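Report on one structure; see the data block that follows.
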């Protein structure tokens, strides 16, 4: 298997693994903190109705709409996590294979960790900057510990992606090429 295809394959497998884990975490998190999410949805929907003149669907209460939105978000948030990590994994794997020899350290796993954690830090900064520059509101009523735990979980997910990608790339390309 070639260098670039090994990187893409390692990223795909790592992304799928981490995506499934991230999807499960998203589902569990939304299940455990259902009331917090429901309150946020109710506030957001009430604001949309007041500010934009939106109306409830015929025969549906605000609580029913919030419940439906919550259930849809819980399912699609989990599926979205899988899809996003597969895409990130493949892209990171391609970049990893292309710049493998330029990355610091000799360990393939540490090389991959340095890349995926750099991607995580850059993505976190860019996403926060975009939220502020676009004038989007901060998430409603989320406790600070909830936001910080999200950063910690994200860090762990990207570290797992890097470790998996580095180990697989070593197995599929580096050890054979040596």
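Residue numbers (this note's numbering): 2 to 179.
Note that CB positions come from ideal geometry on N, CA and C, so glycine has one too.
Keep in mind the model is a prediction, meaning the values are calculated, not measured.
At what residues does the alpha helix (DSSP H) containing residue i begin and finish?
i, result
"residue 174", "Premise fails: residue 174 is in no alpha helix (DSSP H) and is neither H nor E."
"residue 69", "63-100"
"residue 35", "35-53"
Whose CA, out of the options, lies closest to the CA of residue i?
i, options, result
"residue 10", "92, 105, 160, 144", "92"
"residue 114", "20, 50, 70, 94", "94"
"residue 42", "101, 70, 30", "70"
"residue 163", "152, 151, 98", "98"
"residue 129", "118, 152, 112", "152"
"residue 26", "176, 54, 158", "158"
"residue 111", "149, 49, 22, 161", "161"
"residue 183", "107, 73, 124", "Residue numbering for the chain in the displayed model covers 2 to 179; residue 183 lies beyond these limits and cannot be assessed."
"residue 30", "50, 61, 75, 64", "75"
"residue 121", "107, 90, 100", "90"
"residue 176", "127, 131, 108, 24", "108"
"residue 36", "144, 150, 149", "144"
CB residue i to CB residue j, shorter than 8 Å?
i, j, result
"residue 83", "residue 20", "yes"
"residue 116", "residue 104", "yes"
"residue 52", "residue 174", "no"
"residue 66", "residue 58", "yes"
"residue 28", "residue 79", "yes"
"residue 165", "residue 18", "yes"
Give a yes or no on whether the minimum CB-CB distance between residue i and chain C is below 8 Å.
i, result
"residue 66", "Among the chains in the structure shown there is no chain C, since it carries only a single protein chain."
- With a cut-off of 8 Å, do at least 3 Cβ pairs link the segment 169-177 to the segment 4-19? Touching, yes, given that three or more Cβ pairs across the two stretches are closer than 8 Å.
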